[in-house]
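Just so we're aligned, residue 1 is where the sequence shown starts under full-length UniProt numbering, counting upward by one. Backbone N, C-alpha and C define an ideal beta-carbon position, used for all residues, glycine too. Being a predicted model, the structure only gives us computed values, none of them experimental. See structure below.
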Amino acid sequence: MMLRLNSMTVLIDTAMWPAHGTVWAHLVSDSSLDELHAFARSQALPPRSFDLDHYDVPAERWQALVDAGATPVSGRELVTRLRASGLRVSARERRGL
(Lines of atoms letter the chains of each structure in order from A and count residues from 1; the text may use other names and numbers.)
(Lines give C-alpha, C1' and ligand atoms only; values in the text may rest on other atoms or scores of the structure.)
Protein backbone atom coordinates (compact mmCIF):
# COMPACT_ATOMS: atom_id res chain seq x y z
CA MET A 1 0.00 0.00 0.00
CA MET A 2 1.51 3.32 -1.04
CA LEU A 3 0.51 6.21 1.20
CA ARG A 4 1.25 9.70 -0.07
CA LEU A 5 -0.96 12.49 1.17
CA ASN A 6 -0.98 15.47 -1.21
CA SER A 7 2.64 16.61 -1.59
CA MET A 8 3.70 15.26 1.79
CA THR A 9 6.49 12.75 1.86
CA VAL A 10 7.60 10.10 4.30
CA LEU A 11 11.38 9.71 4.21
CA ILE A 12 13.64 6.86 5.31
CA ASP A 13 17.41 6.88 5.64
CA THR A 14 19.82 3.98 5.26
CA ALA A 15 19.81 1.47 8.09
CA MET A 16 23.20 2.03 9.73
CA TRP A 17 22.61 2.66 13.44
CA PRO A 18 23.56 -0.47 15.44
CA ALA A 19 21.56 -1.50 18.52
CA HIS A 20 19.93 -4.60 19.93
CA GLY A 21 21.54 -7.02 17.47
CA THR A 22 20.50 -5.22 14.27
CA VAL A 23 20.94 -1.92 12.48
CA TRP A 24 18.25 0.75 12.38
CA ALA A 25 16.94 3.39 10.00
CA HIS A 26 14.88 6.49 10.73
CA LEU A 27 11.45 7.17 9.27
CA VAL A 28 10.26 10.81 9.23
CA SER A 29 7.75 13.11 7.57
CA ASP A 30 8.81 16.34 5.95
CA SER A 31 5.47 17.96 6.75
CA SER A 32 3.47 16.52 9.67
CA LEU A 33 3.56 14.08 12.53
CA ASP A 34 -0.03 13.10 11.67
CA GLU A 35 1.18 11.91 8.27
CA LEU A 36 4.09 10.06 9.85
CA HIS A 37 1.85 8.31 12.39
CA ALA A 38 -0.70 7.39 9.70
CA PHE A 39 2.04 5.82 7.57
CA ALA A 40 3.48 4.01 10.59
CA ARG A 41 0.05 2.63 11.53
CA SER A 42 -0.54 1.49 7.94
CA GLN A 43 2.70 -0.49 8.15
CA ALA A 44 2.04 -1.88 11.66
CA LEU A 45 5.04 -0.14 13.22
CA PRO A 46 4.76 -0.38 17.00
CA PRO A 47 4.03 2.93 18.75
CA ARG A 48 7.04 2.34 21.02
CA SER A 49 9.33 2.76 17.99
CA PHE A 50 8.39 6.47 17.80
CA ASP A 51 11.09 8.76 19.23
CA LEU A 52 9.74 12.35 19.36
CA ASP A 53 10.28 13.20 15.67
CA HIS A 54 10.96 9.87 13.96
CA TYR A 55 10.35 6.14 14.05
CA ASP A 56 13.28 3.78 14.54
CA VAL A 57 12.88 0.90 12.10
CA PRO A 58 15.01 -2.25 11.86
CA ALA A 59 16.90 -3.00 8.66
CA GLU A 60 14.69 -5.98 7.88
CA ARG A 61 11.65 -3.65 7.52
CA TRP A 62 13.44 -1.09 5.29
CA GLN A 63 12.50 -2.49 1.87
CA ALA A 64 8.87 -3.07 2.82
CA LEU A 65 8.60 0.55 3.96
CA VAL A 66 10.12 1.77 0.69
CA ASP A 67 7.73 -0.49 -1.24
CA ALA A 68 4.87 1.08 0.75
CA GLY A 69 5.88 4.59 -0.29
CA ALA A 70 8.69 5.82 1.95
CA THR A 71 11.29 7.76 -0.05
CA PRO A 72 14.90 6.64 0.53
CA VAL A 73 17.27 9.52 1.31
CA SER A 74 20.69 9.92 2.88
CA GLY A 75 20.91 10.57 6.59
CA ARG A 76 22.09 14.09 5.85
CA GLU A 77 19.10 14.82 3.60
CA LEU A 78 16.70 13.31 6.13
CA VAL A 79 17.97 15.65 8.88
CA THR A 80 18.04 18.66 6.54
CA ARG A 81 14.43 18.11 5.48
CA LEU A 82 13.29 17.34 9.02
CA ARG A 83 14.83 20.60 10.25
CA ALA A 84 13.31 22.55 7.34
CA SER A 85 9.88 21.13 8.22
CA GLY A 86 10.11 22.47 11.77
CA LEU A 87 9.50 18.98 13.18
CA ARG A 88 13.08 18.25 14.27
CA VAL A 89 13.55 17.73 18.01
CA SER A 90 17.07 18.83 18.91
CA ALA A 91 19.38 16.99 21.31
CA ARG A 92 18.92 19.88 23.75
CA GLU A 93 15.12 19.53 23.56
CA ARG A 94 15.45 15.76 24.04
CA ARG A 95 17.35 16.40 27.27
CA GLY A 96 14.66 18.85 28.39
CA LEU A 97 16.95 21.89 28.48
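Opposing strand residues paired with residue i [DSSP bridges]
| i | result |
| --- | --- |
| Pro72 | Ile12 |
| Thr80 | In the DSSP output, where bridge partners are listed per residue, Thr80 has none listed. |
| Pro46 | DSSP output for Pro46 lists no bridge partner at all. |
| Asp56 | His26 |
Which listed residue (the options) has its alpha carbon closest to that of residue i
| i | options | result |
| --- | --- | --- |
| Trp17 | Leu36, Pro46, Trp62, Leu82 | Trp62 |
Residues of its chain near residue i, where Cβ-Cβ distance is below 7 Å and the 5 sequence neighbours each way are ignored
| i | result |
| --- | --- |
| Val23 | Ala15, Met16, Trp17, Ala59 |
Any non-hydrogen atom of the ligand PLP within 8 Å of residue i CB
| i | result |
| --- | --- |
| Phe50 | The ligand content of the structure shown is nil, which means the ligand PLP is not present either. |
Beta-carbon proximity list for residue i, same chain, < 6 Å, skipping 5 on both sides
| i | result |
| --- | --- |
| Tyr55 | Leu27, Ala40, Leu45, Ser49 |
For residue j and residue i, believed in contact at Cβ under 8 Å, the rounded distance
| i | j | result |
| --- | --- | --- |
| Asp53 | Leu82 | 6 Å |
| Val57 | Ser29 | Actually they do not touch by this definition, with Cβ atoms about 14 Å apart. |
Residues near residue i in its chain [Cβ-Cβ closer than 8 Å; skip 5 each side]
| i | result |
| --- | --- |
| His37 | Phe50 |
Requested in this report: May I have a chain-ordered list of the beta strand (DSSP E) segments no shorter than 3 residues that lie completely inside the stretch 15-44?
Outcome: 17-19, 22-29
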